[in-house]
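K.L.:
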């Protein structure tokens with residue numbers, strides 16, 4: 001295992017640990033119902049951001065690889081304006097008490113995601129590692145201070161704290177973008193190819209919108225049909241799931257970077273995924289109750305029996321996304337979207353079939369969707385080859 005991968009794994013591990021601490025204090029700061037409401041708020045931010053700007057950073061990064069760079073600011077401005085319009089429409093459909101703050105956070109997340117995409121240009125992924133650590137570090141510190149000093153608080157205060165954290169993150173992102181702009185303008189004097197940018201942005205955006213729909217559909221449906229209390233419990237399961245998701249996302253980016261540089265990294269990735277799977281199945285069931293009680297308190301204990309399923313679901317989804325990276329490079333986004341659509345349909349069917357089981361039914365539906373997505377991803381992986389494979 002090379003040094004770059006070790007550093008990346010370490011950074012991801014630190015980020016995951018910090019995220020757990022952040023979630024630990026967040027859950028204790030809010031009631032179960034308000035934890036569910038806050039989860040819905042975050043899902044709306046993410047979904048609007050993806051619709052407005054998903055794929056932009058990817059498209060610009062590809063352009064930079066092709067020595068095209070100038071006028072990138074124009075496309076970023078377009079996505080921000082579009083996001084404001086979408087946020088307004090969303091607020092008319094799903095009323096939010098935090099509309100202005102919602103818009104502000106969407107703009108912040110657009111800039112953050114754009115910076116994160118460009119950070120992948122560096123094969124050492126140093127900035128990528130830093131950005132992934134910065135936000136959970138700030139969240140952990142601020143949530144801890146507030147909880148330690150004042151105990152449980154209202155959702156309004158927590159939303160304001162979250163916005164402040166995003167502001168600090170964006171200040172650094174803007175600093176990086178300014179430095180990058182100065183360096184690239186000295187080296188790359190060719191304007192971005194409009195047709196190339198729009199084509200890749202559109203294709204990648206379709207993929208990311210379907211991905212975001214798949215990722216957030218569960219939260220929207222739970223909030224609509226089962227209420228914020230169940231969503232609050234579910235959010236705790238998702239927090240544990242995110243431990244594996246961060247790990248598999250890191251492996252996905254590592255695999256993608258290897259494919260671009262004609263390096264075959266799949267074998268080591270499969271080994272790491274297998275180790276994570278065995279650890280999950282044989283350890284989590286025996287410590288789930290204690291994990292939930294110690295981390296979040298007894299009010300969330302009903303989610304403990306389902307923790308192992310959340311971990312398994314994350315592993316299945318992560319492996320599916322890793323195998324998808326080759327399809328992105330080949331420009332097979334439509335096939336990937338088809339796969340996402342199939343899994344979404346299976347999830348919705350499963351949700352309503354098992355709806356009477358409440359939180360258990362949601363998890364069963366998630367597993368069915370993830371299994372179908374992985375099977376299709378495996379088929380795609382072996383059917384389509386890169387030129388140099």
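Residue numbers (the UniProt record's numbering): 1 to 389.
Using N, Cα and C, we set each Cβ at its ideal position, and we do this for glycine too.
Predicted model only: the values in this text are computed from it and were never measured.
1) Using a Cβ distance threshold of 8 angstroms, determine whether the region 152 to 169 contacts the region 28 to 42, with at least three qualifying pairs required.
2) Within a Cβ cutoff of 7 angstroms, which residues of the same chain sit near residue 59, ignoring the five residues on either side of it in sequence?
3) Quick check: what's the CA-CA separation for residue 271 versus residue 373?
4) Can you list, in chain order, the residues of its chain whose CB lies under 8 angstroms from that of residue 170, leaving out five sequence neighbours each side?
5) Output yes or no for whether 8 angstroms exceeds the beta carbon distance between residue 309 and residue 16.
6) Please classify residue 195 as buried or exposed, where buried requires at least 16 other C-beta atoms within 10 Å of its C-beta.
7) Would you kindly work out how many angstroms separate the C-alpha atoms of residue 166 and residue 135, rounded to a whole number?
8) Quick one, are the C-beta atoms of residue 292 and residue 306 less than 8 angstroms apart?
9) Reducing DSSP to helix, strand and coil, say where residue 129 ends up.
10) Taking the Cβ atom as the reference point for each residue, do residue 333 and residue 207 lie within a distance shorter than 8 angstroms?
11) Nearest to residue 385 by alpha carbon, out of 345, 346, 149 and 327?
12) On the three-state DSSP scale, how would you describe residue 154?
13) Along the chain, which unbroken stretches of the alpha helix (DSSP H) at least 4 residues long are found entirely within the region 23 to 65?
14) Under 8 angstroms, with one C-beta from each stretch per pair, do the region 277 to 292 and the region 207 to 226 reach the 3-pair mark?
15) Over what stretch of residues does the alpha helix (DSSP H) that includes residue 302 continue unbroken?
16) For residue 43, which residues of its own chain have a beta-carbon under 8 angstroms away from its beta-carbon, when the five flanking residues on both sides are left out?
17) Going by other Cβ atoms of all chains shown within 10 Å of its Cβ, with 16 needed for buried, is residue 315 buried or exposed?
18) Along the chain, which unbroken stretches of the beta strand (DSSP E) at least 3 residues long are found entirely within the region 282 to 370?
19) Relative to the C-alpha of residue 264, which residue among 275, 351, 251 and 274 is closest?
20) Decide if residue 98 is buried, meaning its Cβ has at least 16 other Cβ atoms within 10 Å, or exposed.
21) Could you tell me the distance, in whole angstroms, from the CA atom of residue 101 to the CA atom of residue 369?
22) When you compare only the Cα positions, how much space is there between residue 337 and residue 146?
23) Assign residue 264 to one of three DSSP states: helix, strand, or coil.
24) Considering only the beta carbon of each residue, do residue 7 and residue 129 sit closer than 8 angstroms?
25) Please identify the residue among 173, 143 and 303 whose C-alpha is closest to the C-alpha of residue 20.
26) Residue 255 and residue 322 look like a contact to me (Cβ under 8 angstroms); what is the Cβ gap, rounded to whole Å?
27) Can you tell me which of the three DSSP states residue 7 falls into?
28) Taking the straight line between their C-alpha atoms, what separation do you get for residue 52 and residue 353?
29) Buried or exposed, going by whether 16 or more other CB atoms sit within 10 Å of the CB of residue 81?
30) Residues in the same chain with beta-carbon distance under 6 angstroms from residue 343, minus the five sequence neighbours each way, listed in chain order, please.
31) Is residue 385 helix, strand or coil by DSSP?
32) So, under 8 angstroms CB-CB, residue 36 and residue 237 are touching, yes? Tell me the CB distance rounded to an integer number of Å.
33) Assign residue 363 to buried or exposed, taking buried as 16 or more other Cβ atoms, counted over all protein chains shown, within 10 Å of its Cβ.
34) If contacts are defined as beta-carbon pairs under 8 angstroms, then residue 106 and residue 48 qualify, I think. What distance do you get, rounded to the angstrom?
35) Quick one: using the 10 Å Cβ neighbour count with 16 as the cut-off for buried, is residue 175 buried or exposed?
P.N.:
According to the structure data:
1) yes
2) 197, 200, 201 and 204
3) 20 angstroms
4) 108, 111 and 112
5) no
6) exposed
7) 7 angstroms
8) no
9) helix
10) yes
11) 327
12) coil
13) 32 to 53 and 56 to 65
14) no
15) No alpha helix (DSSP H) contains residue 302, which DSSP labels as neither H nor E.
16) 216, 219 and 220
17) buried
18) none
19) 251
20) buried
21) 33 angstroms
22) 42 angstroms
23) coil
24) yes
25) 143
26) 5 angstroms
27) helix
28) 33 angstroms
29) exposed
30) 369, 372 and 373
31) coil
32) No, residue 36 and residue 237 are not in contact; Cβ-Cβ is about 12 angstroms, not under 8 angstroms.
33) buried
34) 5 angstroms
35) exposed
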